[in-house]
Amino acid sequence: MSDQPVTNLSESRLASSWGAVTGSWLPAAILLLATIVVWEAVVRIFAISAFIIPAPSEIAQSLVAQWGTLMQATLVTAGEILFGFLVSIVVGIAIALVIVRFDWLGRALYPLVVLFQNVPKVALAPIFILWFGYGLAPKIGLILVIAFFPVTLSMLAGMQSVDRSLLSLMNSVGASPTQILFRIRVPHSLPNLMAGTKIAATLSVIGAIVGEFAGASDGLGYVIQFASTQLDTALVFAALLLVSVLGIAFYYAAEVLERIIVPWAPKFSHA
Amino acid sequence: MRIETIRAVGARPAHIRHDDLISAKGVSVVMASQLVLQNIDLSIPKGSFVSLIGPSGCGKSTLLKVLAGLVNPTSGSVSIAGLPPVEAARKRMIGLVFQDANLLPWKNAVDNASMLLGIADKSLSRADLRARGQEMLELVGLGDSAHKRPHELSGGMRQRVAIARALALDPAVLLMDEPFGALDAITRDSMGQSLLEIWQRTGKTIVLVTHSIDEAIHLSRHVHVMGIKPGRITGSLDIGLPYPRDLSLTEEPQFVRLLVQLRTMLRASHQPGGAS
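These protein sequences, in sequence, are chains A and B. Start counting the first sequence at 7; every next residue gets the next number (my numbering). Start counting the second sequence at 293; every next residue gets the next number (my numbering).
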């Protein structure tokens with residue numbers, strides 16, 4: 007065994023990479039399946055009322071029965087998330103750039119941004135409805151105030167972590183602050199920015215649903231609220247399932263974007 | 293073969309020789325109310341290879357930064373070819389290499405090599421920059437790695453790109469702060485050998501900060517030993533060994549004699565003291 011270390015090493019590496027694939031997906035899938043089976047069994051055995059906890063089969067039935075309504079609502083919510091998410095990225099990046107490039111403005115702006123971060127933004131939802139009505143605008147506003155912060159913060163961290171010797175090199179040849187910003191700091195911040203963008207993607211989903219809770223006549227958040235007043239808990243769960251699917255979709259979209267934009271960034275494996 | 297001499301700095305004639313490219317007169321640096329460098333006099337002739345060696349905290353890196361115009365001396369003056377260092381740097385007379393290559397991970401080797409030149413000279417086209425970058429990569433022995441990104445290069449190769457980036461400016465002086473400090477011993481030796489070849493082909497003046505006695509003797513024509521508390525030059529040594537040099541040099545009796553001499557000087561430099 008020890009006289010063929012190279013072969014053993016490559017074999018164990020193959021084995022561990024196969025193990026990583028099955029090791030990450032298989033146990034999670036088994037657990038999920040087991041949970042669904044136990045859930046179904048418990049609801050049936052103890053005859054739990056469907057408006058308290060619907061069985062997975064009832065949720066599936068509701069999903070099929072209301073498919074048209076749910077898809078329409080999903081589309082509305084997805085639109086809000088996408089729009090709000092993009093606005094959050096643009097505004098988040100703009101604030102970070104201003105803070106780094108204009109020192110004085112940055113020192114004025116940064117504490118206020120952090121202070122604002124401590125305002126419970128969910129509580130702003132009724133005010134946004136009051137200001138902007140029941141349409142798309144209050145949802146975009148709410149997503150923006152919830153999701154821009156991780157974008158700004160991660161990009162700032164990236165731009166400020168440039169090595170000092172590299173800045174010395176740039177300064178020694180007379181690079182301007184704008185050149186240093188766009189040639190060094192911004193590209194350097196992209197891996198951080200993409201990490202912040204993934205957080206913003208998740209927060210955008212929350213922002214859209216909260217916005218719809220506060221006042222809407224459409225979307226998955228509206229469906230959840232409407233269905234719960236009707237005690238149609240199965241429909242609530244069906245809508246919840248679709249919200250989760252949206253969240254996952256946006257997260258992975260951000261991740262795909264990351265791989266396209268920063269292929270040179272260090273990769274972290276998903277444990 | 294010339295005879296090696298140990299000279300105390302104070303014993304050197306005060307006048308600056310005509311062919312000195314770098315001269316520092318009475319340079320002191322105070323940082324955070326600490327005297328980091330005390331009364332440094334240094335004259336480095338054009339085309340020479342000079343090493344600064346000393347224990348940690350002797351201010352050798354700070355001295356290099358003073359020469360580069362990155363740190364302003366609290367008192368005293370520095371000139372590079374008659375210019376203040378900041379101005380000399382703006383005129384692309386100073387090439388800098390640090391311990392960390394600090395390449396841009398999103399650019400390939402050739403674009404990294406020409407990056408600083410592009411900042412310094414905005415009139416150059418992309419094609420000009422590429423050509424210059426390629427030329428420099430060939431000089432440092434990386435001609436066929438032009439399209440590799442930094443993460444595809446070894447530590448030694450990355451440092452070669454950093455040297456190419458400094459040389460692309462066509463500077464008069466190459467200031468190097470422990471450029472091989474993060475490399476393994478074997479890579480270090482071959483990098484030193486390459487640096488000698490580059491020096492002999494380009495005729496640049498090189499100032500190398502190092503804490504390796506072997507490296508200082510192997511590479512330089514002249515070694516300045518620095519002491520601590522406060523940081524100062526405690527002695528200088530001419531390495532009278534002929535060029536071209538290679539690694540077999542390290543086995544020769546002259547090399548060993550210089551090694552012992554330098555080690556003795558360094559041991560003395562560890563003693564805190566006032567005036568030299």
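Heads up, the beta-carbon is just placed ideally off N, CA and C, and yes, glycines get one too. If you're wondering where the values come from, they're calculated on a predicted model, not measured in any experiment.
In the DSSP assignment, isoleucine 314 of chain B falls within the beta strand (DSSP E) that extends over 312-323. CA-CA distance, aspartate 506 of chain B to valine 515 of chain B, rounds to 11 Å. Here proline 534 of chain B is exposed: its Cβ has fewer than 16 other Cβ atoms, across all protein chains shown, within 10 Å. Between glycine 227 of chain A and the set A:Ala207, A:Leu103 and A:Leu252, the nearest pair of CA atoms involves A:Leu252. If you look at asparagine 177 of chain A, you'll find it in the alpha helix (DSSP H) that goes 170-178.
Straight across, the Cα-Cα distance linking isoleucine 372 of chain B with phenylalanine 154 of chain A is about 49 Å. Taking a beta-carbon distance threshold of 8 Å, alanine 181 of chain A counts as an interface residue toward chain B. Of the candidates B:Arg382, B:Gln553, B:Gln426 and B:Ala360, the residue whose Cα lies closest to the Cα of valine 179 of chain A is B:Arg382. By the rule that beta-carbons nearer than 8 Å mark a contact, glutamine 185 of chain A touches chain B. In this structure, DSSP gives asparagine 124 of chain A a state outside helix and strand, which the three-state scheme calls coil. Methionine 176 of chain A counts as buried, since no fewer than 16 other beta carbons sit within 10 angstroms of its beta carbon. Close to alanine 360 of chain B, with beta-carbon spacing below 7 Å, are these residues of chain A in chain order: Ser178. By the neighbour-count definition (other C-beta atoms within 10 Å, threshold 16), phenylalanine 256 of chain A is a buried residue. Not flagged as an interface residue toward chain B: leucine 263 of chain A, since no C-beta distance is shorter than 8 Å. Judged by DSSP in its simplified three-state form, asparagine 400 of chain B adopts coil rather than helix or strand. Leucine 172 of chain A belongs to the set of residues whose beta carbon lies under 8 Å from a beta carbon in chain B.
At a cut-off of 8 Å between beta-carbon atoms, aspartate 169 of chain A makes contact with chain B.
For the segment 343-376 of chain B, the set of positions with a beta-carbon nearer than 7 Å to some beta-carbon of chain A reads Ala360, Gly361 and Leu362 in chain order. Secondary structure remark: continuous alpha helix (DSSP H) runs of at least 4 residues inside the segment 99-160 of chain A, in chain order: 109-123 and 131-138. Put simply, the CB of aspartate 420 of chain B is far from chain A, with every gap to its CB atoms at 8 Å or more. Glutamate 86 of chain A is classed as buried because its beta carbon has at least 16 other beta carbons within 10 Å across all chains shown. Under a 10 Å Cβ-count criterion, methionine 77 of chain A is classified as exposed, with fewer than 16 other Cβ atoms of the shown protein chains found around its own Cβ. For the beta strand (DSSP E) assignment, the uninterrupted runs of no fewer than 3 residues enclosed by the segment 493-554 of chain B are, from N- to C-terminal side, 497-502, 514-519 and 524-530. Contact of histidine 443 of chain B with chain A by beta-carbon distance below 7 Å involves Trp270.
Per the DSSP secondary-structure output, serine 371 of chain B pairs in a beta bridge with B:Ser315.
Looking at the DSSP output, glutamine 326 of chain B sits in a beta bridge with B:Met323. In this structure, valine 465 of chain B sits near glycine 387 of chain B, with a CB-CB distance shorter than 8 Å. Under DSSP, no beta-bridge partner is assigned to methionine 449 of chain B. In the three-state DSSP reduction, proline 337 of chain B falls in the strand class (E or B). When B:Phe390, B:Ser367 and B:Arg524 are compared, the shortest CA-CA separation from leucine 475 of chain B is found for B:Phe390. For aspartate 224 of chain A, the secondary structure class from DSSP, reduced to helix, strand or coil, is coil.
Bridge pairing for aspartate 469 of chain B: B:Val501 [DSSP]. In this structure, the CA atom of proline 377 of chain B is about 36 Å from the CA atom of glutamine 546 of chain B. Rounded to the nearest angstrom, the gap between the Cα atoms of glycine 495 of chain B and leucine 172 of chain A is 26 Å.
In this structure, A:Ala244 is the residue among A:Leu39, A:Leu187, A:Ala222 and A:Ala244 with its C-alpha nearest to the C-alpha of alanine 71 of chain A.
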